Each structure stands twice: as C-alpha cells, then as structure tokens.
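Single-structure report; data block below.
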Amino acid sequence: MKSENTVVGLIGEMLNPVSEITGPKANAGLKLKSENAVVGSIGEMLNPVSEITGPKANAGLKLKSENAVVGSIGEMLNPVSEIAGPKANAGLKLKSENAVIGSIGEMLNPVSEIAGPKANAGQSENSVVGSIGEMLNPVGPNANGDGDGVRDLGNGSSVVYFPRFLSYEKSWEYFHYLDKHIPWTRPTIYVFGKPFVQPRDVCYIASKGLKELIYSGHKPDAHSWDDYPPLKEILEEVHKAFPGSHFNSLLINRYNSGNDYVGWHADDEKLYGPNPEIASISFGCERDFFLKTKSQGEVVREPPSKRAKKNKVEKHCFKLKHGSLLLMRGNTQRDWLHSVPKRAKAESARINLTFRRVMQMSSRRLLL
Ligand SMILES: O=C(O)CCC(=O)C(=O)O
Ligand SMILES: [Fe+2]
Numbered sequence: 001m002k003s004e005n006t007v008v009g010l011i012g013e014m015l016n017p018v019s020e021i022t023g024p025k026a027n028a029g030l031k032l033k034s035e036n037a038v039v040g041s042i043g044e045m046l047n048p049v050s051e052i053t054g055p056k057a058n059a060g061l062k063l064k065s066e067n068a069v070v071g072s073i074g075e076m077l078n079p080v081s082e083i084a085g086p087k088a089n090a091g092l093k094l095k096s097e098n099a100v101i102g103s104i105g106e107m108l109n110p111v112s113e114i115a116g117p118k119a120n121a122g123q124s125e126n127s128v129v130g131s132i133g134e135m136l137n138p139v140g141p142n143a144n145g146d147g148d149g150v151r152d153l154g155n156g157s158s159v160v161y162f163p164r165f166l167s168y169e170k171s172w173e174y175f176h177y178l179d180k181h182i183p184w185t186r187p188t189i190y191v192f193g194k195p196f197v198q199p200r201d202v203c204y205i206a207s208k209g210l211k212e213l214i215y216s217g218h219k220p221d222a223h224s225w226d227d228y229p230p231l232k233e234i235l236e237e238v239h240k241a242f243p244g245s246h247f248n249s250l251l252i253n254r255y256n257s258g259n260d261y262v263g264w265h266a267d268d269e270k271l272y273g274p275n276p277e278i279a280s281i282s283f284g285c286e287r288d289f290f291l292k293t294k295s296q297g298e299v300v301r302e303p304p305s306k307r308a309k310k311n312k313v314e315k316h317c318f319k320l321k322h323g324s325l326l327l328m329r330g331n332t333q334r335d336w337l338h339s340v341p342k343r344a345k346a347e348s349a350r351i352n353l354t355f356r357r358v359m360q361m362s363s364r365r366l367l368l
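All letters in the sequence shown, in the order written, are residues 1 to 368 by full-length UniProt numbering.
What follows is the structure, encoded as structure tokens:
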C-alpha cells in the first residue's frame with residue numbers, strides 16, 4: 001500500500017474508529033482530494049456496502065452502491081452444482097473430477113504470465129488441497145456469470161476465487177500453527193507524517209536478497225521462509241495451482257476480531273512490477289472482501305477510452321471462506337482498490353496470507 005492509494009486506504013483506516021460500519025450518514029458527501037482528483041467520498045470509504053451488516057441472513061439482499069447493483073448475496077452464497085459457463089464450455093457436465101480436470105485451463109482463460117490453475121490443481125498427494133469439484137463449485141463470487149472460478153472485472157483486470165482451495169481440517173491446522181508461531185507485530189505507520197497503528201497484526205516473510213518492502217514510512221523485518229515450513233508448503237500448493245507463478249514474499253495479516261480491518265488500498269508498490277499478481281489465502285472467520293474501481297484520477301497509463309468508465313464506481317464482494325484462495329491479476333492493482341472492512345458480527349479471528357512477487361531489477365530490464 002502506498003502513495004495515493006495508500007492514502008485512500010489509510011485514511012479509510014484512520015476514519016474507521018468505530019466498531020462497525022453502520023451507514024453512510026455522518027460522512028456522506030464529504031470528499032477527499034488527492035493531488036489530481038477526488039478520490040472518493042469518506043462516506044463511501046467507510047461504507048463500502050453499507051447495507052450489509054453481517055454474513056448471514058442476507059438471502060435476496062442486493063448489494064447496492066450509488067451507481068450500481070453489484071449482485072445479490074443470496075445468489076452469491078448459493079452453490080451451483082454444475083459448471084454453467086464460460087460459453088465455450090457450455091454443456092460440459094461434471095461427470096467426474098477427471099472431466100473437470102481436462103477443462104480447467106480453458107475455463108479459467110488465463111491472462112498475463114500466470115496461467116490459470118492447472119489441470120491437476122487440487123490433486124495434492126497429501127490432500128492438503130480440496131477437490132477440483134469443490135474448487136470449481138462457483139460458490140458466491142461467481143454468481144455474476146463471469147465463469148467458474150473467475151470474475152472478469154473488465155479492462156484486463158480479473159479475480160480468480162476458489163472457496164475450498166485447502167481442505168477444512170488442514171486449514172485449521174494452518175490457522176493454529178500461524179496464530180501461535182508467527183511473530184506478529186502491530187506496527188506504527190505514518191500517514192501525512194502522523195503516526196497511526198495498523199488495525200491488524202502483520203508479519204512479513206521474504207526470500208533472501210529481495211529489494212526491501214517499505215510502505216507508509218514502515219519497513220517490516222523480512223522473516224525467512226525456512227523458519228516456517230507450513231508456509232513453504234502452502235506456497236508450493238499455490239505455485240502448483242498457478243503454473244508459472246513465482247511468489248517470493250508474503251504479507252500475513254491477523255484480524256483478531258471484527259474491529260480489525262484493512263482500508264481501501266491497492267498493492268501497487270513499484271517493487272511488484274506493473275501488473276502484480278497477488279494470491280490471498282484465508283483461514284478462520286469469514287470476512288467480506290470488497291473491490292471497487294479507483295476514481296478516474298487514480299487510473300493512469302491508459303487512454304480514457306480504455307479506463308474504467310468515468311464516474312461509475314463498480315464494486316464486487318467476495319466472502320472469503322476458511323481455506324479459500326483468491327488471486328487478483330492483470331490490471332487489478334492499477335485500476336481497483338480492495339478492502340476488508342470492520343464487521344461487528346465477526347467475533348473470531350481470521351488469518352490471511354497474501355503471496356506476492358518482488359521483481360528483481362537488472363540494469364536493463366525486469367528479471368522474470
Ligand atoms: O485480508 C485480506 O483479505 C486482504 C489483505 C490485503 O489486502 C493486504 O494485505 O494487502
Ligand atoms: Fe491488499
């Protein structure tokens with residue numbers, strides 16, 4: 001998180017001192033300005049989806065922003081037992097796991113350097129990973145018809161989501177291990193020169209020799225993968241799922257309760273290169289993960305015709321399940337912000353792993 005995006009996220013965090021987001025009232029209409037553009041309304045930042053107050057009993061409730069209906073929670077929560085799209089695969093039935101296996105690559109229609117989850121993702125010998133049938137079962141996030149496992153956000157941005165990437169039991173093992181063994185810190189960062197305690201516990205793991213990560217005046221200590229074998233195991237599963245991926249660093253978050261959160265931000269630090277792919281695994285308490293388009297002034301490097309539509313803020317919601325994997329790819333960090341807002345009803349802890357790739361620079365080009 002950094003620069004104007006960091007500012008957006010961190011202001012959101014700073015302005016979020018209450019225990020739950022309850023509605024847009026108090027701050028509606030108050031605008032935050034960045035150098036070039038209105039970044040968004042504080043009301044909006046504080047209330048990404050103000051109608052939603054908890055994970056349950058939302059059947060049929062529509063997610064509305066001022067500008068768009070995002071989708072129905074009822075739809076999103078309803079598992080669909082058959083692969084329904086993309087069109088190329090219409091008619092393909094889930095006869096067996098093998099039938100599914102053959103088609104995953106096509107269905108996920110990979111973009112950028114990371115191919116979609118590969119054919120045998122989920123077939124780990126140690127059965128850490130859930131079944132392909134389960135992984136492809138489009139629970140929730142795929143209900144907007146973008147295809148199984150993939151939500152196309154447009155303009156080269158997309159999100160891949162597998163609700164059951166890791167098995168339920170193994171995920172609890174990981175949760176307890178990480179909860180106990182990770183050297184958690186709650187660092188003070190600086191926003192406009194003012195100290196601000198991050199509203200969640202964090203830890204940074206990185207391969208040796210990488211460029212240091214610095215965000216908001218904070219340089220986290222880089223811990224070694226070697227000290228946390230389960231993290232290496234999970235990393236391996238992620239690499240197997242996305243052939244061609246080379247994640248070499250990891251930011252871990254622990255949200256101890258619904259009071260802990262991450263505000264709107266993009267993980268677009270230069271050290272991740274122009275189109276960072278970020279793989280996020282969740283353990284423990286389910287939390288809402290929101291994406292919204294950056295406002296126009298924040299979207300750069302492309303002619304207006306290709307940018308997200310002017311003044312139209314689009315939003316998406318994923319309910320990140322225990323053992324799930326969500327991958328953001330393409331232009332997602334450039335064009336979208338994401339957040340995990342406070343939730344009064346989230347009573348237990350959640351641990352989240354975000355795998356990233358720090359690009360190694362040579363004098364002439366990015367080393368791949
Ligand atoms: O907890 C999550 O799901 C998101 C965390 C995140 O966005 C981050 O660490 O950059
Ligand atoms: Fe992030």
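C-beta: ideal position from N, C-alpha, C; glycine also.
These figures come from a predicted structure and were not determined experimentally.
For the set 319, 263, 352, the Cα lying nearest the Cα of residue 171 is the one of 352. Straight through space, the alpha carbons of residue 193 and residue 154 are spaced by roughly 36 Å.
For residue 239, the uninterrupted alpha helix (DSSP H) run begins and ends at 229-241, by DSSP.
Our two residues, residue 157 and residue 330, have alpha carbons roughly 5 Å apart in a direct line. One Cα belongs to residue 315, the other to residue 290, and the distance between them is close to 7 Å. Contact annotation: residue 163 and residue 348 have beta-carbon atoms that are not nearer than 9 Å.
Residue 345 and residue 186 have their alpha carbons spaced roughly 22 Å apart.
Within 8 Å of the C-beta of residue 267 there is at least one heavy atom belonging to ligand 2. In this structure, residue 185 has its beta carbon at no less than 8 Å from each heavy atom of ligand 2.
Using a Cβ distance threshold of 9 Å, residue 250 and residue 189 do not count as a contacting pair. Counting of Cβ neighbours within 10 angstroms places residue 212 among the exposed residues, the total staying below 16. Going by beta carbons, residue 322 and residue 168 fall inside the 9 Å limit. Residue 359 places its beta carbon less than 9 Å from that of residue 272.
DSSP places residue 336 in the uninterrupted beta strand (DSSP E) bounded by 336-340.
Residues of the same chain with a CB within less than 6 Å of the CB of residue 338, apart from the 5 flanking positions on each side, are 291 in chain order. Here DSSP, grouped into helix, strand and coil, assigns residue 312 to coil. For the set 210, 266, 287, the Cα lying nearest the Cα of residue 295 is the one of 266. Distance between residue 241 and residue 261, taken at the CA atoms: about 28 Å. Collapsing the DSSP output to three states places residue 345 in coil.
Residue 260 carries a coil assignment under DSSP once its states are collapsed to helix, strand and coil. The C-alpha of residue 313 lies about 22 Å from the C-alpha of residue 326. Counted as a single uninterrupted DSSP element, the stretch harbouring residue 168 is not any beta strand (DSSP E) but the alpha helix (DSSP H) occupying residues 168-181.
Of all alpha-carbon atoms in 152, 151, 179, 160, the one lying nearest the alpha-carbon of residue 284 is that of 179.
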